[in-house]
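Enquirer: Numbering (our numbering), first residue to last: 1456 to 1597.
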Amino acid sequence: MATKKPVPKSMRILKLGTCPSLSGASNLLYHVGYDTEIHFRIWGNSGGGLFGREWVSLASLQASLETDKPVTAGTLKRAGVCKGKSANTPGFLLAVLKAEGLVEPMETGGHTKADSSGFLTEIGKLIDDGTDIQVPPTKATQ
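#1: If you reduce the DSSP assignment to three classes, tell me which class residue 1459 lands in.
#2: Could you tell me which whole alpha helix (DSSP H) segments of length 4 or greater appear in the segment 1503-1537?
#3: Could you name the residues of the same chain whose beta carbon sits closer than 6 Å to that of residue 1547, not counting the 5 residues immediately before and after it, in chain order?
#4: Apply the 10 Å Cβ neighbour rule to residue 1575 and answer buried if 16 or more other Cβ atoms are within range, or exposed otherwise.
#5: Put residue 1582 into one of helix, strand or coil per three-state DSSP.
#6: Kindly indicate which three-state DSSP category residue 1409 falls into: helix, strand or coil?
#7: If you follow the beta strand (DSSP E) that residue 1499 is in, where does it begin and where does it stop?
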């Protein structure tokens, strides 16, 4: 008898956000989503840099932040948290983490993990309220 695979729950978009890229050369549009855990994805870039639109879980990102070394886009890339092929996606995700207060810049360069309690409180309220923002598909997602 064949075992049924669980049907994945669809991602609820809890928040639309914008932030500058780490270089400040462009502005990014991103989504914070939730299925059984919190995720991020880059959705737009005012500059010319390409990026992946895949969802990246906060849990996989947090594992990369648990270090005494400065966290950079290269840290996220080496950790394999971004499955797409774009070299820009890890840096763009780091900019999102900075905008959401999950990392903060270090004086010596790179970033370090910040207190996530404010972010988790905000997102927890959106989850509890049943927030589910509908985003029209783009050519890249159809």
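We put the beta carbon where it would ideally sit given N, CA and C, even for glycine. As the structure is a computational prediction, the values presented were derived from the model and not from experiment.
Expert: So, from the listed chains and residues:
#1: Its pLDDT being 46, under 50, residue 1459 is placed unreliably by the model, and the measurement read from it follows with that caveat. Three-state result, residue 1459: coil.
#2: 1513-1520 and 1528-1534
#3: 1483, 1497 and 1506
#4: Counting the other Cβ atoms within 10 Å of the Cβ of residue 1575 gives fewer than 16, which makes it exposed.
#5: Shown here, residue 1582 sits in a helix according to DSSP, grouped into three states.
#6: Residue 1409 lies beyond the range of the chain shown here (1456 to 1597); nothing can be said about it.
#7: Secondary structure note for residue 1499: its beta strand (DSSP E) is the uninterrupted segment 1493-1500.
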